[in-house]
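Below: the structure, in structure tokens.
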Amino acid sequence: MKNAFVKNILCIGAGYVGGPTMAMIAYKCPRYKVTVVDINHERIAQWNSDRLPVYEPGLGEIIGAVRGRNLFFDTDIDRCIKEASIIFVAVNTPTKVFGAGAGMAADLQYWEKTARQIREAADSPKIVIEKCTIPVKTALAMERILTSQEGSVSFDVISNPEFLAEGTAMRDLEFPDRVLIGSRETDRGIRARREIVDIYANWVPRERIIESNIWSSELSKLVANAFLAQRISSINAVSALCEKTDADVQEVARAIGLDSRLGSKFLNASVGFGGSCFKKDILNLVYLCRSYGLSEVADYWESVVKINEYQKDRFVLAMLSAMFNTLAGKKIALFGFAFKADTGDTRETPALYVAKSIVEERAGLVITDPQALRNAMADLEGVDNITYEIDPYKAAAGCDAIALMTEWKLYTGLDYERIYASMTKPAFIFDGRNILDRTRLFEIGFNVFSIGKTPLVHV
Ligand code: NAD
Ligand code: UGA
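Quick note: to get our numbering, add 11 to the position in the sequence shown (first position is 1).
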């Protein structure tokens with residue numbers, strides 16, 4: 012029997028976004044054929060194996076249900092472009108590290124190569140969807156590239172930014188707060204937009220699918236990340252003041268978060284935000300503002316990143332000062348290396364800055380994390396004086412201090428009496444996430460330092 016698929020969807024880029032997003036579309040739309048391609052053949056092989064390249068709760072089950080049914084991972088990009096009528100682009104858009112805008116602007120080389128490849132391979136009309144996060148007005152450049160060839164087939168460019176967070180990606184994809192779809196406001200643009208609305212309408216309530224003009228859609232993604240990161244920098248800035256004034260940052264967060272205008276989410280003071288996107292997207296926004304001559308606006312958003320750097324630095328300096336102004340020859344355990352819980356991703360993790368700073372102070376380091384040790388080893392390749400240990404009890408044994416970097420639930424349930432007994436005294440805990448029971452730890456004998464709280468120190 013000839014296959015009965017009603018739509019042929021392709022995603023270019025099989026990363027943290029491409030893989031999970033397409034898995035959800037395939038799962039919810041059994042009559043669509045969904046293919047994911049990547050230039051990285053090893054990654055595609057991993058997606059086709061039992062060892063997926065991305066750790067995400069619930070992802071394995073969904074992949075198990077749809078792979079080979081209507082979800083396929085492939086390396087023949089040109090053939091897949093020809094076969095699809097709808098093409099999502101989910102390639103990486105990191106911060107540029109060379110030339111004009113280095114360290115700020117988005118590096119669009121992967122995205123541009125993809126646009127050119129689509130143009131070269133396509134022999135029938137395509138809807139091309141920006142799934143990756145890009146500067147506002149990128150769709151214009153994409154349209155220019157796609158239509159720059161004589162007699163080329165027709166293309167419609169749509170913006171459909173992704174709002175999933177790692178660690179909760181499958182839930183975010185299944186029950187999104189909203190799906191945003193932007194297009195040109197021409198008849199053709201709106202027709203193309205509706206085709207994408209139809210995909211999501213298979214499982215997302217219609218009132219949660221928002222349509223807008225294409226520039227609003229592109230810009231909303233950068234602004235959403237900037238607002239989220241700004242909340243963290245705001246509470247982290249307040250945490251510094253709390254430490255000077257004996258206020259408790261969690262009590263302050265609770266008090267302000269109950270104001271329904273503010274809301275209670277994203278007010279956890281921490282060692283700083285990490286992840287592949289917040290910093291790069293804010294810097295991208297800052298660069299855009301500067302390029303439009305809006306220097307005050309650019310400075311405003313840049314301060315969000317500055318506070319984040321300050322917070323990481325403050326954390327290390329607090330360790331140094333608490334431990335008698337020297338870490339040399341001491342041994343410190345890092346509990347967690349991932350940038351947040353429930354992921355193995357370590358991109359821009361604050362733990363990397365803390366780890367490197369501790370090693371620079373000539374202390375020995377033991378890193379433990381339930382999912383991120385492989386990435387930690389790669390991130391710290393060539394740095395001496397570090398060991399990696401999956402078991403937190405073994406990691407802490409013989410250490411002078413524990414620095415908790417990631418809010419893995421498992422760290423709240425450990426036997427800290429046993430851990431204390433195995434450590435060098437005086438023993439210190441620096442809780443970079445405010446998840447541990449500090450009163451209990453103090454009673455056990457630890458000197459306890461938490462973000463935005465008065466330290467509990469035995470004289
Ligand atoms: P990633 O690095 O995990 O994956 C990108 C993939 O694209 C890589 O596997 C890479 O090999 C592939 N690729 C690059 N150039 C290619 C080409 N020319 N042809 C085929 N494949 C190519 O990145 P990611 O985390 O999935 O992010 C992708 C985009 O989505 C970024 O713009 C990011 O800002 C955005 N985003 C990420 C998240 C997240 O949580 N990670 C959430 C929302 C949005
Ligand atoms: C973030 C956004 O939440 C997503 O909506 C967005 O799609 C994504 O970026 C993206 O564009 O890549 P993510 O970075 O995966 O998702 O994770 P978050 O939950 O936002 O956490 C980011 C960082 O902030 C983590 O290091 C986390 O520990 C930290 N954080 C978060 C805090 O320090 N305090 C908080 O209250 C919340």
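Cβ coordinates follow ideal geometry from the N, Cα and C atoms, glycine included. None of these values were measured; they are calculated from a predicted model.
When secondary structure is reduced to three states using DSSP, T357 falls in the coil class, being assigned neither helix nor strand. Taking I401 as reference, the option from G393, R325, M388 with the minimal CA-CA separation is M388. Within the chosen limit of 7 Å, the ligand NAD does not reach the beta carbon of N59 with any heavy atom.
Here the distance from the Cβ of E177 to the nearest heavy atom of the ligand UGA is below 7 Å.
Put simply, the backbone Cα of D259 is about 25 Å away from that of T360. The alpha helix (DSSP H) runs lying completely inside the segment 219-288 and spanning 4 residues or more are 225-256, 260-268, given in chain order. As summarised for the segment 353-406, the continuous beta strand (DSSP E) elements at least 3 residues long and confined to that stretch are 375-379, 397-399, given in chain order. Residue side-chain check: S287 places its Cβ nearer than 7 Å to a non-hydrogen atom of the ligand UGA. Put simply, the segment 146-153 does not touch the segment 174-186. Fewer than three CB pairs are less than 8 Å apart.
Around the beta carbon of L363, a 10 Å sphere encloses 16 or more other beta carbons of the protein chains shown; the residue is thus reported as buried. When C-beta atoms of the segment 350-360 are compared with those of the segment 371-391, three or more pairs fall below 8 Å, so the two segments count as touching. Counting along the chain, S170 sits inside the beta strand (DSSP E) bounded by residues 166-170.
In the three-state reduction of the DSSP assignment, C91 falls in the helix class.
The three-state reading of DSSP puts Y43 in strand, counting E and B together.
The Cβ neighbour count for Y303, taken over all protein chains shown within 10 Å, is under 16; the residue is labelled exposed.
Distances taken from the Cβ of C143 to the heavy atoms of the ligand NAD include one shorter than 7 Å. DSSP places S433 inside the alpha helix (DSSP H), whose first and last residues are 427-433. Annotation for K107: no alpha helix (DSSP H) segment contains it, and DSSP assigns it neither H nor E.
Inter-segment contact for the segment 310-317 and the segment 275-295 is present: three or more beta-carbon pairs are separated by less than 8 Å.
The residues A333, P437, A438, F439, I440, P466, L467, V468, H469, in chain order, have a CB closer than 8 Å to that of N458 in the same chain once the five nearest residues on each side in sequence are set aside. With a 10 Å radius around the Cβ and a threshold of 16 neighbouring Cβ atoms, F238 comes out exposed. In this structure, E254 places its C-beta atom within 8 Å of the C-beta atom of G463. Three or more beta-carbon pairs drawn from the segment 341-352 and the segment 412-419 are found closer than 8 Å, and the two stretches are therefore classed as touching. A37 is not a Cβ neighbour of N103, given a cutoff of 8 Å. Annotation for Y27 indicates a beta carbon within 7 Å of some heavy atom of the ligand NAD.
Bounds of the beta strand (DSSP E) holding A412 are 412-415. For A344, the enclosing beta strand (DSSP E) stretches over residues 342-346. Beta-bridge pairing by DSSP links D85 to V48. When only Cα atoms are considered, T125 and A344 end up about 43 Å apart. Within the segment 180-209, the complete alpha helix (DSSP H) segments of 4 residues or longer fall at 180-185, listed in chain order. Checking the DSSP bridge columns, you'll see D442 partnered with L415, S461.
When rounded, the separation of the alpha-carbon atoms in S194 and K137 is 14 Å. Not one heavy atom of the ligand UGA is found less than 7 Å from the C-beta of I462. If you draw a straight line from the Cα of D395 to the Cα of V370, it is about 8 Å long. Below 8 Å, too few C-beta pairs join the segment 111-122 and the segment 196-203 to call them touching: fewer than three.
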